[in-house]
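There are 2 protein chains.
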Amino acid sequence: MSQPLRLGIAGLGTVGVGVVRIIRQHAELLTARSGRDISISAVSARSKNKDRGIPLDAYAWEDDPVALATRDDVDVFVELMGGSDGPAKAATEAALAAGKHVITANKALLALHGQALAEQAEAANLSLRYEAAVAGGIPVVKALTEGLAANEITRVMGVMNGSCNYILTRMEDSGLNYQDIFAEADGLGYLEADPQLDVGGIDAAHKLAILASIAFGTRVNFDAIDLEGIERVSIEDITAAADMGYKIKLLGVAQMTGRGLEQRMQPCLVPASSPLGQLQGGTNMVVLEGHAVEQVVLRGPGAGEGPTASAVMADVMDIARGFALPVFGQPAHTLKDAKHATSVLPAPYYLRMGLVDKPGALAKITTVLGDAGVSIDRMRQYGHAQTSAPVLIVTHKATRADIDAAIAAMEGTGVLTSAPVALRIEEV
Amino acid sequence: MSQPLRLGIAGLGTVGVGVVRIIRQHAELLTARSGRDISISAVSARSKNKDRGIPLDAYAWEDDPVALATRDDVDVFVELMGGSDGPAKAATEAALAAGKHVITANKALLALHGQALAEQAEAANLSLRYEAAVAGGIPVVKALTEGLAANEITRVMGVMNGSCNYILTRMEDSGLNYQDIFAEADGLGYLEADPQLDVGGIDAAHKLAILASIAFGTRVNFDAIDLEGIERVSIEDITAAADMGYKIKLLGVAQMTGRGLEQRMQPCLVPASSPLGQLQGGTNMVVLEGHAVEQVVLRGPGAGEGPTASAVMADVMDIARGFALPVFGQPAHTLKDAKHATSVLPAPYYLRMGLVDKPGALAKITTVLGDAGVSIDRMRQYGHAQTSAPVLIVTHKATRADIDAAIAAMEGTGVLTSAPVALRIEEV
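Line order of the protein sequences matches chains A and B. The first sequence begins at 1 in the UniProt record's numbering and counts up by one. The second sequence begins at 1 in the UniProt record's numbering and counts up by one.
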């Protein structure tokens, strides 16, 4: 039997407590599977005396995560504090500098500083692992870096923020509007302290940026993501989409195009009958497409004590087993700076608008669309054709630029009673 | 850069050709990700001169797979011949004896001889890997042995034979009976040379036996599986199940109970709205449940050149990266002989029977069920209550023994016009 693998855990929130619990309650299982005892040397958190429901007396306490990260009796620094800068970054850098492996659940840290941290870790032959940073309990980082390692990845796609999916599915189920359900989710504690991280799509975009780097061998580039949150998704659109056989999801898509890497995180329509369309509540789903494997879909809990701790512990087990691989699946110095492509790939679009109650209004809109090169696949007008009831249009494939041009032209017609909503329909 | 990792590939059917194709066409990608060149030293198959659509001249040819497996210029023997005994077993044993790692897609070999092969491999510190043996392109072996390694697994479940799922979904879509769709699938080349391996559930049961061993730390025990194929699934049952909100799937379930390990591979009803219920055609799905992660669902192609080759190559990449772990996730000598439990866990059951056109017939059946301790959740009788139209019953939870006792008693009532069908309803 090898020496125990000794952890130092910084951050004792839900996930940290979950990790401690697994190590305390399933020690024998962990040892049987990894060939080593897994132990905790020391822990760190903001408040020492808070009751966390688990005994922590057996572990040394450090107020300072940097001190924890560099202790002699720590082999692996487990960073569960969060935040892209500040203590999380300082302690991670200090751990790597001190020759410790690092496991983190911190998507913001990796999305913003992943390249530098990966270079630091790899130069020192250390592991920097982050299964828990993407899609909670779903072992998607492993699936992409290892399970599909022989695939040229063609597309990565997913619903990776459970709070947003909860809000969107609750809106549909209840018929209530965004503001009401946002308040409900906030009251239930489903949102981050800064809810903009969730509903603004930022948290999900951090995850997408990480997966895109692995998938395409490119440097993580969060700033290049076309980012739109769910704050402007209306109950009218959810209802209208459902009526036409679609669901609205906050969908992340990363895809290599002839003009560069396209990364989008935005509300999209997906077929209601597709696996993504059927995803309810806080569950996450990631779709991985590769030249050989075609399509693999992974579904599981995106957050929570057990699932996230399960992902952290998978990284612990891999380190205990001696598995080492580059942070983003190939050496960081070989990752390319991807050309940033925005909305290169055409798609069908969903358009919703209100028209004035005048003869010929609809004809003006269809003419404008035709002039912009956007052809109509399906159209519905609710109520009598000459009222101001909403018009729904599903277009054939068009680029975002064509759609934007068409909308600008529509606004010049004088027949709109509300600004058109345009949402991409993703082929899944 | 390390030395190349040199493969010897035995079997050049669909999967073997797929593996050669990936190595030829994506060499640079494989090297970037694994840190080593992947090369093919030699190949072997039944017929040397068959045109397989790829050039093989660069590789040495061996008629004898044992000779291939033991060549000095082979580091990894890739066994893609199939068959639980004969050349596949002989060559695998020879490869391990000669100090070669082995990768196989051969579920029968592992389900029947996995324990002995694992002990041989581990005694020699060699890898014996088999991602492609279970659920085609889905990286489920990796998810279970590594991604969920810190979980006490509570249940493993899945649809793992695409041909059976194709037949069942085609029956439902077409309304045609089993014999017609079986002939269609056979004509399309969807079935094994011995179709009993597919429709008898044997192939799927091989896969379940392997997953159960990993999940529960038990010696692979194919013979302990409660096995029933799809040959007796009637279009009447598919239609009736659909009418009550269910689909019929050939579902494998492995679960540790207080009385031992229960392994079942049998046609079951699952809710039509569940991910398993929605699975169409040849796609596979595996559901993994663990104490921490709750539930992870993996979905992907269960067969085919690209997907299966993708799984074989994932094992190649892991070996190239130097990852080594015990064959079934913990050392083979520590795997326990699980007590074999049959149908310990109660479940609701679906019952279908025809009754004679006589007053009181239905009352006799419900009385018999009540006497056997089986209570009725829902019941439907089609047509007039006093005709011989079928009666459908969904029971509350009951054990298989109670259901069997109730059926035996029903048969003594003299009111049946057809033998009752009983199918378990799995809670998914």
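Even for Gly, the Cβ is constructed at its ideal location relative to N, Cα and C.
Does the separation of the CB atoms of T136(A) and P307(A) fall below 8 Å? As a working note, residue 136(A) is residue 136 in the first sequence. As a working note, residue 307(A) is residue 307 in the first sequence. One detail in the question is off: residue 136(A) reads as Gly in this sequence, not Thr. Taking 8 Å as the Cβ cut-off, G136(A) and P307(A) qualify as a contacting pair.
With respect to the alpha helix (DSSP H) encompassing S310(B), which residues constitute its N-terminal and C-terminal limits? By 1-based counting over the second sequence, the position of residue 310(B) is 310. Its alpha helix (DSSP H) spans residues E305 to A320.
Please list the residues of the segment 75 to 86 of chain B that have a C-beta atom closer than 8 Å to any C-beta atom in chain A, keeping them in chain order. none
Check whether the Cβ atoms of E122(A) and D318(B) lie closer than 8 Å to each other. Along the first sequence, read from residue 1 onward, the residue named residue 122(A) stands at position 122. Along the second sequence, read from residue 1 onward, the residue named residue 318(B) stands at position 318. No; because the gap between Cβ atoms is not below 8 Å, this pair is not in contact.
Whole angstroms are fine: how far does the CA of A124(A) sit from the CA of P346(B)? Within the second sequence, residue 346(B) is the residue found at index 346, counting from 1. Within the first sequence, residue 124(A) is the residue found at index 124, counting from 1. Approximately 55 Å, taken between the alpha carbons.
In chain order, what residues of the same chain have a beta carbon less than 7 Å from the beta carbon of A372(A), not counting five sequence neighbours either side? For the purposes of this step, residue 372(A) is taken as residue 372 along the first sequence, with counting starting at 1. Counting only Cβ-Cβ distances below 7 Å, and skipping sequence neighbours, we find D402, A405, A406 and A409.
Which value, in whole angstroms, describes the spacing of the CA atoms of L423(A) and K397(A)? Taking the first sequence and counting its residues from 1, the one referred to as residue 423(A) is at position 423. Taking the first sequence and counting its residues from 1, the one referred to as residue 397(A) is at position 397. Using only the alpha carbons, I get a separation of about 12 Å.
Determine, for G290(A), whether the minimum Cβ-Cβ distance to residues of chain B falls below 8 Å. As a working mapping, residue 290(A) is identified with position 290 in the first sequence. Yes - at least one Cβ of chain B is within 8 Å of the one on G290(A).
Straight-line CA distance for residue 436(B) to M313(B)? With chain B represented from 1 up to 428, any question about residue 436(B) goes unanswered, as that position is not in the structure.
E3(A) versus Q330(B): straight-line alpha-carbon distance, rounded: Here the question's residue 3(A) lines up with position 3 in the first sequence. Here the question's residue 330(B) lines up with position 330 in the second sequence. Looking at the sequence itself, residue 3(A) is Gln, so the reference to Glu does not match. Approximately 17 Å between the Cα atoms of the pair.
Local conformation of N284(A) per DSSP, three classes: Residue mapping note: residue 284(A) aligns to position 284 of the first sequence, counting from 1. Strand, per DSSP.
Measuring only the C-alpha atoms, how far is A332(B) from E131(B)? Residue numbering aside, residue 332(B) sits at position 332 when the second sequence is read from its first letter. Residue numbering aside, residue 131(B) sits at position 131 when the second sequence is read from its first letter. Cα-Cα distance, rounded: 17 Å.
Nearest-angstrom Cα distance between I38(A) and R6(A)? Mapped onto the first sequence, residue 38(A) falls at position 38. Mapped onto the first sequence, residue 6(A) falls at position 6. If I take the Cα positions, the gap works out to 6 Å.
Within this structure, are the beta carbons of I40(B) and V76(B) separated by less than 8 Å? Residue numbering aside, residue 40(B) sits at position 40 when the second sequence is read from its first letter. Residue numbering aside, residue 76(B) sits at position 76 when the second sequence is read from its first letter. No, the pair does not count as a contact, with Cβ atoms beyond the cut-off.
Could you name the residues of the same chain whose beta carbon sits closer than 8 Å to that of E262(B), not counting the 5 residues immediately before and after it, in chain order? The residue labelled residue 262(B) in the question sits at position 262 within the second sequence. Here the set comprises D226, V253, A254, Q255, M256, A341, T342, S343, V344 and L345.
Contact belief for K247(B) with G277(B) at Cβ below 8 Å, rounded distance in angstroms: One-based indexing of the second sequence puts residue 247(B) at position 247. One-based indexing of the second sequence puts residue 277(B) at position 277. Sure, about 4 Å apart at Cβ, within 8 Å.
Below 7 Å on C-beta distance, what does N151(A) contact in chain B? What you label residue 151(A) is simply residue 151 of the first sequence in a count that begins at 1. Those within 7 Å of N151(A) in chain B are S310.
Residue 449(A) burial status per 10 Å Cβ neighbour count (16 or more: buried): Residue 449(A) is absent from the structure shown; chain A starts at 1 and stops at 428.
CB contact check: Q3(A) to chain B, cutoff 8 Å: Mapped onto the first sequence, residue 3(A) falls at position 3. Not closer than 8 Å to any Cβ of chain B, the Cβ of Q3(A) fails to qualify, so no.
How would you write the range of the alpha helix (DSSP H) that A409(A) sits in, first residue to last? Translated into the one-based positions of the first sequence, residue 409(A) becomes position 409. Taken as a continuous stretch (DSSP letters only), the alpha helix (DSSP H) holding A409(A) covers R400 to E411.
Which residue's Cα is closest to the Cα of R232(A): I214(A), V156(A), D315(A) and F182(A)? Residue mapping note: residue 232(A) aligns to position 232 of the first sequence, counting from 1. Per the Cα distances, F182(A).
Does the distance from the CB of T218(A) to the CB of K336(A) come in under 8 Å? In the first sequence, the residue the question calls residue 218(A) occupies position 218. In the first sequence, the residue the question calls residue 336(A) occupies position 336. Contact flag set, yes.
Determine the burial state of Y382(A): buried for a count of at least 16 other Cβ atoms within 10 Å of its Cβ, exposed for fewer. Taking the first sequence and counting its residues from 1, one reaches residue 382(A) at position 382. By the neighbour-count rule (16 or more Cβ atoms within 10 Å), Y382(A) is not buried but exposed.
When the distance is taken between beta carbons, is W61(B) closer than 8 Å to V74(B)? If you number the second sequence from 1, residue 74(B) lands on position 74. If you number the second sequence from 1, residue 61(B) lands on position 61. No, they are not a contact pair.
Would you kindly report the start and end of the unbroken beta strand (DSSP E) that includes I9(A)? What you label residue 9(A) is simply residue 9 of the first sequence in a count that begins at 1. That run of the beta strand (DSSP E) goes L5 to A10.
With 8 Å set as the bound, which would you pick, yes or no: does the beta-carbon of I210(A) sit closer than that to a beta-carbon of chain B? Within the first sequence, the letter at position 210 stands for residue 210(A). For I210(A), the answer is no, since every Cβ of chain B falls outside 8 Å of its Cβ.
Segment contact flag, the segment 191 to 202 of chain A with the segment 232 to 242 of chain A, C-beta cutoff 8 Å, min 3 pairs: no
Looking at the unbroken beta strand (DSSP E) that takes in V19(B), where does it start and where does it end? As a first step, residue 19(B) is located in the second sequence; it is residue number 19 there, counting from the start. Taken as a continuous stretch (DSSP letters only), V19(B) belongs to no beta strand (DSSP E), being part of the alpha helix (DSSP H) at T14 to Q25.
Between R52(B) and chain A, is any beta-carbon pair separated by less than 8 Å? Taking the second sequence and counting its residues from 1, one reaches residue 52(B) at position 52. By this cut-off, R52(B) is not an interface position.
T218(B) bridges to which residues according to DSSP? Here residue 218(B) is taken as the residue at index 218 of the second sequence, counted from 1. K336(B).
Where does the unbroken alpha helix (DSSP H) through L68(A) begin, and where does it stop? In the first sequence, residue 68(A) corresponds to position 68, counting from 1. Where L68(A) is concerned, the enclosing alpha helix (DSSP H) stretches over P65 to A69.
Smallest Cα separation from V415(B): which of V316(B), V356(B), K339(B) and L12(B)? As a first step, residue 415(B) is located in the second sequence; it is residue number 415 there, counting from the start. Here the closest residue by C-alpha is V356(B).
Using a cut-off of 7 Å between C-beta atoms, extract the partners of A217(A) located in chain B. Your numbering for residue 217(A) matches position 217 in the first sequence. Just to set this straight, residue 217(A) is Gly in the shown sequence, not Ala. Within 7 Å Cβ-Cβ: A32.
Establish whether the CB of F323(B) and some CB of chain A are separated by less than 8 Å. The count along the second sequence starts at 1 and reaches residue 323(B) at position 323. So yes, F323(B) belongs to the interface.
Run through chain B and tell me which residues come within less than 8 Å of G137(A), C-beta to C-beta. Taking the first sequence and counting its residues from 1, one reaches residue 137(A) at position 137. Under the 8 Å cutoff, chain B gives A292, V293, E294 and V296.
Min CB distance Q278(A) to chain B below 8 Å: Mapped onto the first sequence, residue 278(A) falls at position 278. Cβ-Cβ to chain B under 8 Å: yes for Q278(A).
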